[in-house]
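Numbering (our numbering), first residue to last: 9 to 458. From the three backbone atoms N, C-alpha and C, an ideal C-beta is built for every residue, glycine too. Remember, it's a predicted structure, so these values are computed and weren't measured experimentally. These notes concern the structure reproduced below.
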């Protein structure tokens, strides 16, 4: 029954996502879709380029339900050093805390000893609130609130500005919320952690025999997009994980990824109705439907296209103090590719340079001279540095002439020159007066002799 290829594929996926987790700005190029959605907040991101290709209320605060457990996974894994061998006992308090809450459970039992790895599987695959509480209580040193504080600290560290957690499982609380965009940041980080994608991509997990259960037992995924047998029309063969969530206030929620034809996407869909206006259960999971439709649309209609190449000039700039060279070509600091509709040429992207009127030599190849802003149909995609395409030495002759010119036109030089000119003028006037007096004196002496 076990899918033998999943661990290897998951390893490759995690490796690729680790390469993606680099500090760089997320580009936005939201395109129009040709179908209706029911989720209140959606974000679809191309993971190959970090490009947001579709958004709807992505910054609106939403109840995340059990997608909360993605953050619970992060904090647990970062605070438990040996996941395979750390043994944790399920306490009576944890079991009793969830009685009557209508929680999704993994069925862990009072007094049962499970490893951290087993609990992570029980939390992420069947969405076990009980497993989440056991992990939180253990990492928090017996105080779940300590763990919750860790969750909020990690959210802030990841740049989540509209997220606040009140529990590790996602049961409703008015002060327990996130956004589609914040959940993207959280999930993208989680994908770089050990075992995350491997666990999230499983359709079932076997809990081995324990101290209170002599027989192994199975738990099954709640994510119908990855379940070929029970998923029915929701099933999408290119989908990998990640986490479902639902309760009456949150509606249906889903965080997932999909890979097809060399392209990778993540979709966050929150707040699809789970009950109607009369309080009746909505049987169709809109988060599943929206996510599958968005993946189909993206794979069918969007393509990765190179807009800028690092060896092609964007513009030039006037160059001073260089012999026999008055222009310098500027090229992108790096090649830039983005996701565009497949029938749109990359030349449709508008490139707007922002460079100085002129620069002085010397210039080294790769020196940042200015920037270029890229936009498509009025949406800003990215800002790329423009750098010198070559090194150019300074002409010392031209530099000396330029220095002399600067000196001559400097304020202090003009003041000093003015003072000297005034002194010369005064000297000439005084000399003229003196000469006149001297001539007059000679005439007087000559007259007396006569």
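| Item | Value |
| --- | --- |
| Residue 336 vs residue 325 beta-carbon contact at 8 Å | yes |
| Alpha-carbon spacing of residue 62 relative to residue 299, whole angstroms | 11 Å |
| Proximity below 8 Å, CB of residue 129 to CB of residue 234 | no |
| Pair within 8 Å by beta-carbon distance, residue 341 and residue 392 | yes |
| Ordered list of beta strand (DSSP E) runs contained in the segment 378 to 408, each at least 3 residues | 387 to 396 |
| Beta-bridge partners of residue 274, as assigned by DSSP | 53, 265 |
| Coil, strand or helix - residue 470 by DSSP | The structure shown does not extend to residue 470, since the chain is modelled only from 9 through 458, so no value can be given for it. |
| Buried or exposed (CB count within 10 angstroms, at least 16 for buried), residue 121 | exposed |
| Opposing strand residues paired with residue 280 [DSSP bridges] | 260 |
| Simplified DSSP assignment, three categories, for residue 311 | strand |
| Alpha-carbon to alpha-carbon, residue 258 and residue 75 | 10 Å |
| DSSP three-state assignment for residue 244, whether helix, strand or coil | coil |
| Bridge partners - residue 253, DSSP secondary structure assignment | 261 |
| Sufficient close CB pairs (3 or more, under 8 Å) joining the segment 124 to 138 to the segment 217 to 236 | yes |
| Residue from 330, 385, 368, 254 with nearest C-alpha to residue 290 | 254 |
| Rounded C-alpha distance that separates residue 52 from residue 246 | 15 Å |
| Residues that DSSP places opposite residue 349 in a beta bridge | 310 |
| Proximal residues to residue 314 (C-beta, below 8 Å), its chain only, five neighbours per side dropped | 343, 344, 345, 354 |
| Span of the beta strand (DSSP E), counted from its first residue to its last, around residue 337 | 335 to 340 |
| Local Cβ density within 10 Å of residue 145, reported as buried at 16 or more and exposed below that | buried |
| Within 8 Å, strictly: CB atoms of residue 105 and residue 141 | yes |
| Residue 317 vs residue 358 beta-carbon contact at 8 Å | no |
| Entirely enclosed alpha helix (DSSP H) segments - the segment 114 to 188, minimum 4 residues | 124 to 132, 137 to 147, 152 to 165 |
| DSSP-derived helix/strand/coil call for residue 328 | strand |
| Residue 189 classed as buried or exposed, judged by whether at least 16 other C-beta atoms fall within 10 angstroms | buried |
| Stretch pair the segment 94 to 109 + the segment 190 to 210: three plus CB contacts closer than 8 Å | no |
| Same chain only: Cβ atoms within 6 Å of residue 248, ignoring 5 sequence neighbours per side | 209, 265 |
| Check whether residue 155 and residue 79 have beta carbons under 8 Å apart | no |
| Backbone secondary structure at residue 366 - three-state DSSP | strand |
| C-beta contact flag for residue 46 and residue 306 at 8 Å | no |
| Three-state secondary structure (DSSP) of residue 316 | strand |
| Cβ-based neighbour list, residue 379, same chain, cut-off 7 Å, excluding 5 preceding and 5 following | 362, 391, 392, 393, 394 |
| Minimum C-alpha distance to residue 517 - residue among 329, 370, 333, 312 | For residue 517 there is no data in the structure shown, the boundaries of the chain being 9 and 458. |
| Rounded Cβ spacing between residue 276 and residue 201 (contact assumed at less than 8 Å) | Rounded, the Cβ-Cβ distance is 18 Å, inconsistent with contact. |
| Assumed close pair residue 182, residue 175 - CB separation to whole angstroms, cut-off 8 Å | That belief does not hold up - the Cβ atoms of residue 182 and residue 175 are roughly 12 Å apart, past 8 Å. |
| Inter-residue Cα distance where the pair is residue 445 and residue 430 | 22 Å |
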